[in-house]
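**Student:** Position 27, counted from 1, in the sequence shown is what this note's numbering calls 28; the numbers after and before it change by one each time, with no gaps. Just so you know, even glycine gets a beta-carbon here, dropped at the ideal spot from N, CA and C.
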Amino acid sequence: MLIGLVTKNGILIVEYANHIRDRGADKMHAAVEASSMRLRPILMTSLAMIFGALPIALSLGAASTSRMPLGIVIVGGIIFSLVLSLFIVPVIYTFISRRKVKEDGAITKLDE
């Protein structure tokens, strides 16, 4: 579940950053803009999952003390994946993304 959430959030950011780069922006500006534009959907998804797992983590209900460690791991993992998605994915994108190449093979923009 946590791997799927990080993957989905990373795809949202990278897809939008590529869209911004297609309009001519450099990769640093594209990564920052994509992260800020996709902040709301990422926060909404993560917070919905956190609030869904919160009753398990807080041990609410009958005989739920045995499931409390699982809830704590889920909530902690979602918070960690949120930080990973919002800060680490854009940084890695700026290091790994390549120069833009036209369909005929010519380089259109060199990034610093």
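Just reading off the alpha helix (DSSP H) that residue 44 is part of, what are its end residues?
**Tutor:** For the purposes of this step, residue 44 is identified with residue 43 of the sequence shown, where counting begins at 1. Element bounds for residue 44: 40-58.
**Student:** For a quick check, are the C-beta atoms of residue 6 and residue 50 less than 9 Å apart?
**Tutor:** Taking the first residue of the sequence shown as position 1, residue 6 is located at position 5. Taking the first residue of the sequence shown as position 1, residue 50 is located at position 49. Cβ atoms of residue 6 and residue 50: closer than 9 Å.
**Student:** Start and end of the alpha helix (DSSP H) containing residue 89?
**Tutor:** If you number the sequence shown from 1, residue 89 lands on position 88. Element bounds for residue 89: n/a, residue is neither H nor E.
**Student:** Skipping 5 residues on each side, what residues in its chain have a beta carbon closer than 7 Å to that of residue 78?
**Tutor:** On the sequence shown, residue 78 is found 77 positions in, with the first residue counted as 1. The beta carbon of residue 78 is closer than 7 Å to those of 3 in its chain, skipping five residues each way along the sequence.
**Student:** To which residues of the same chain is residue 26 closer than 8 Å at the C-beta, ignoring the five residues directly before and after it?
**Tutor:** In the sequence shown, the residue the question calls residue 26 occupies position 25. Hits under 8 Å: 34.
**Student:** Nearest to residue 174 by alpha carbon, out of 32, 17, 37, 74?
**Tutor:** The structure shown does not extend to residue 174, since the chain spans only 2 to 113, so no value can be given for it.
**Student:** Nearest-angstrom Cα distance between residue 63 and residue 56?
**Tutor:** The residue you call residue 63 lines up with position 62 of the sequence shown. The residue you call residue 56 lines up with position 55 of the sequence shown. If you take the alpha carbons of residue 63 and residue 56, they lie about 11 Å apart.
**Student:** Terminal residues of the continuous alpha helix (DSSP H) containing residue 6?
**Tutor:** Within the sequence shown, numbered from 1, the residue matching residue 6 stands at position 5. Note, residue 6: alpha helix (DSSP H), 3-23.
**Student:** Does the beta-carbon of residue 53 have 16 or more other beta-carbons within 10 angstroms, so that it is buried, or is it exposed?
**Tutor:** For this step, residue 53 is matched to residue 52 along the sequence shown. Classification of residue 53: exposed, given that the 10 Å Cβ count is below 16.
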